[in-house]
Amino acid sequence: MPEEIKLLWKDRKRICGLPITFTKYSLSEDRLFVEAGLLNIRQEDLLLYRIQDISLKLSLGQRIFGVGSVLLQSSDRSSPVLEIKNIRQPRQVKELIHQQVEKMKLARRMRVGEVLEGAEASDLDFMEEV
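Numbering-wise, UniProt numbering puts 110 at position 110 of the sequence shown, and it's gapless, one number per residue.
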């Protein structure tokens, strides 16, 4: 049986600050999970080392309800731009994701300059020992 995944953070997409949607977000040490849907469920995983840029979006409406969105630019083919929408404590989540991305890149011995735009995903899936 597979090992239980330890989650560092989890939340739901919120409407007016309330978690009444069917979109769930969770973060483990090496992946970000997005699960959406009620009857037909779609789950997507994003490997953290693929994330190239993290930004924060706080509209007036989001600030009123105490939520915000974190935008992730990645080298992932299925979701090059992923928006974690309307979550609580978006600044803390952005920082947590940033810290985990850096840990994963260090663990894979990757530097920021090694992940280049336009590179094939297969080029980025491995790292040769130097």
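Here a beta-carbon is modelled for each residue, glycine too, at the ideal position from N, C-alpha and C.
Thr-23 has Ala-36 as its beta-bridge partners, per DSSP. Sixteen is the threshold: when 16 or more other Cβ atoms of the shown chains lie within 10 Å of the Cβ of Asp-76, as they do, the residue is buried. Judged by DSSP secondary structure, Gly-61 falls within the alpha helix (DSSP H) whose first and last residues are 60-64.
The residue from Leu-39, Pro-2, Leu-56 and Glu-29 with its alpha-carbon nearest to that of Thr-23 is Leu-39. Note on geometry: alpha-carbon atoms of Leu-72 and Asp-53 lie some 6 Å from one another.
Just so you know, the alpha carbons of Pro-19 and Trp-9 end up roughly 15 Å apart. In terms of Cβ geometry, Lys-85 and Leu-56 do not form a close pair [threshold 9 Å]. Counting along the chain, the unbroken alpha helix (DSSP H) around Glu-95 starts and ends at 90-107. In this structure, Arg-12 places its C-beta atom within 9 Å of the C-beta atom of Ile-87. Looking at the DSSP output, Lys-85 shares a beta bridge with no other residue. Contact annotation: Phe-33 and Leu-48 have beta-carbon atoms that are not nearer than 9 Å. Where Leu-71 is concerned, the enclosing beta strand (DSSP E) starts and stops at 67-74.
Residue state for Arg-77 is assigned as coil, using DSSP reduced to three classes.
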